[in-house]
């Protein structure tokens, strides 16, 4: 029996890492947001896929919260002396993924094939699927105009006020081979929605035709892990974004956002659950240590099993 | 009055560096071989142009003889773990040139424009022109089959026996803007052929339509600096290649190869000049130190002036 996780980058990677400590890797499928992907300096960058690769292969920079441990920055320093764009921090080792990915894509390999090869080379045993092999680009309408995701997220550090979020190319995209199959499989025990940003990391996934319908048709329970802890987001722009979109920063807002898609909601013990009309389970959902990640993953699985 | 130098990479860069110590930079034009250029991992690599950039901006790795001083190798080490091709040593800082060049070429900028910008950013004041903005690819017919230049030079370390050398695309290539103009200009005092490999570094230049004719039509004397010192090549595969092509490793063979293109030949004092039927000047042409480079550059200019 397998577990499927819909995930963005950092927070989701922690949950998936927790799962890998308690389940055999071949029982885990991560379906990963690629709405943050973009072409930078001609290179195809897939931040969420790479964060999962780094986290699951033990290469992630835990202190920094993104990128690689032991990274060097000679490329970026040299690029700066040539007048190249330096707002997006491309580490020297990180570049290897981008250069190889870009070359292989130009030869006609799919993002899914390339991701599977990278995972294989780094000993990552889970099935890592991009949500789609087609380009889907999250962009934001803000008080500073329309911004591509990385321009909003990295270049502008999430400062602009967001009015609306779109997923360009999503309507034409096909889910990557295996994505809907994994969700619909009779062997799938649980479908988890990681504690990633619902609007920026999970919505792009749901915007790819077929994925939301598959989730609704799945026999396995769909359980979200809250991205809100103690009335705030653990990390990133989630809370600011929710306020800008006019919703309260609470698990109730997240539950309302996912609506009838969810069969259950793993909330944090710090937050009130009175408003929630779906099955919930409350625990400490902060995942600072590896033990925390294992504990949250275990709680999510046990809770989901109770809903079957 | 200006000086024009036809040059390959390492040896030629030393001569050009010598020239920059005795002439104002705006009186020097280097016309640079791009037959070694190739696309590697999707990136456009221009080894001779980059060697000149590194040498003239003080960034060259003098001990290693190629690449950058203070280079790091995180990209290549990471690439290796992903199963990427690692036979061509791409340093982290070196990558900045290749990534930026490739991105700008894909946007339609010419190699000449990009090279001029790189030189400008690094304070290289001479005019650096690629021989052509069009792709010309040196390849070698060898006892190991037909090999692209870098495959022969780097991957196979010049081990295969060379039978014939071709410059694919040369016939269709146009010389870069300014190349023939610099050669033909009435302001040009001297045209030097650097002590680069005649077969692999200078012949590609001569294969681009118009360049050889311009040299023959130029009013300035054309003077070659010998790549042969004491009956051997200073560096690289020149001597091995000459033997394989059936010619003696001597200045006479180089003079015969260039033929009537030359008005004079700066030979090394270690080598016999009796066989040479063109004007020669002999001196110590080894360029270990910066003082050596200045001395050889001065000798070449003085000798050329004597031929006007």
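Chains as they are written, first to last, in our numbering: chain A, 1 to 308; chain B, 1001 to 1308.
Each residue gets a CB set at the ideal place from its N, CA and C atoms; glycine is no exception.
Relative to residue 1146 of chain B, the option among B:1033, B:1160, B:1203, B:1037 whose CA is nearest is B:1160.
The criterion of a C-beta distance shorter than 8 Å is not satisfied by residue 132 of chain A and residue 29 of chain A. Secondary structure at residue 110 of chain A: coil, using DSSP grouped into helix, strand and coil.
Segment contact: the segment 1119-1127 of chain B against the segment 1036-1056 of chain B, three or more CB-CB distances shorter than 8 Å; contact assigned. A distance below 6 Å between beta-carbons, with the five flanking residues on each side excluded, links residue 192 of chain A to the following residues of its chain, in chain order: 5, 223, 300.
For residue 16 of chain A, none of the residues of chain B pass the 8 Å Cβ criterion, the least Cβ distance being about 20 Å. Sorting B:1076, B:1039, B:1188, B:1227 by C-alpha distance to the C-alpha of residue 1008 of chain B places B:1227 at the top. When the beta-carbon positions are compared, residue 202 of chain A and residue 129 of chain A stay at least 8 Å from each other.
Using a CB distance below 8 Å, the part of the segment 96-107 of chain A facing chain B consists of 96, 97, 99, 100, 102, 103, 106, ordered along the chain. Sequence-distant Cβ neighbours of residue 1037 of chain B in its own chain, meaning closer than 6 Å and more than five residues away, are 1046.
Judged by DSSP in its simplified three-state form, residue 1007 of chain B adopts strand. When secondary structure is reduced to three states using DSSP, residue 88 of chain A falls in the coil class, being assigned neither helix nor strand. Around the CB of residue 63 of chain A, fewer than 16 other CB atoms lie within 10 Å, so the residue is classed as exposed. The secondary-structure analysis by DSSP pairs residue 1189 of chain B with nothing; it has no beta-bridge partner. With a threshold of 8 Å between beta carbons, residue 1067 of chain B makes no contact with chain A.
The DSSP assignment places complete beta strand (DSSP E) segments of no fewer than 3 residues inside the segment 1040-1085 of chain B at 1043-1045, in order along the chain. Sequence-ordered contacts of the segment 36-63 of chain A with chain B read 41, 42, 43 [C-beta pairs closer than 8 Å]. Residue 1180 of chain B: member of the alpha helix (DSSP H) spanning 1179-1184, first to last residue. When DSSP states are grouped into helix, strand and coil, residue 1022 of chain B belongs to the coil group.
Looking at the DSSP output, residue 264 of chain A shares a beta bridge with A:223.
Among the residues of the segment 1081-1092 of chain B, those with a Cβ less than 7 Å away from any Cβ of chain A are 1081, 1082, 1083, 1084, 1092, in the order of the chain. Annotation: Cβ neighbours of residue 1071 of chain B in chain A (cutoff 9 Å, chain order): 74. Taken through DSSP and simplified to helix, strand or coil, residue 1229 of chain B comes out as strand.
Scanning the segment 1270-1301 of chain B for uninterrupted beta strand (DSSP E) segments of 3 residues or longer gives 1280-1283, listed from N- to C-terminal end. Taking one beta carbon from each stretch, the segment 197-211 of chain A and the segment 262-278 of chain A have fewer than 3 pairs nearer than 8 Å; the two do not touch.
About 18 Å separates the CB atoms of residue 27 of chain A and residue 57 of chain A; that is not less than 8 Å, and the two are not in contact. Judged by beta-carbon spacing, residue 251 of chain A lies beyond the 8 Å limit of residue 225 of chain A, meaning their Cβ atoms are not closer than that value.
Secondary structure note for residue 211 of chain A: its alpha helix (DSSP H) is the uninterrupted segment 211-217.
Counting only the Cα atoms, residue 1076 of chain B lies some 7 Å from residue 1089 of chain B.
Excluding sequence positions up to five before and after residue 1139 of chain B, its CB lies within less than 7 Å of the CB of 1146, 1147, 1148, 1149, 1166, 1168, all in the same chain and listed in chain order. Note that the segment 91-111 of chain A does not touch the segment 1106-1117 of chain B; fewer than 3 beta-carbon pairs, one per stretch, sit closer than 8 Å. Contact annotation: residue 286 of chain A and residue 255 of chain A have beta-carbon atoms that are not nearer than 8 Å. Residue 99 of chain A is not a Cβ neighbour of residue 49 of chain A, given a cutoff of 8 Å. Judged by DSSP in its simplified three-state form, residue 1 of chain A adopts coil rather than helix or strand.
For residue 1078 of chain B, the chain A residues whose C-beta falls within less than 7 Å of its own C-beta are 93, 96, listed in chain order. The three-state secondary structure of residue 1204 of chain B, taken from DSSP, is helix.
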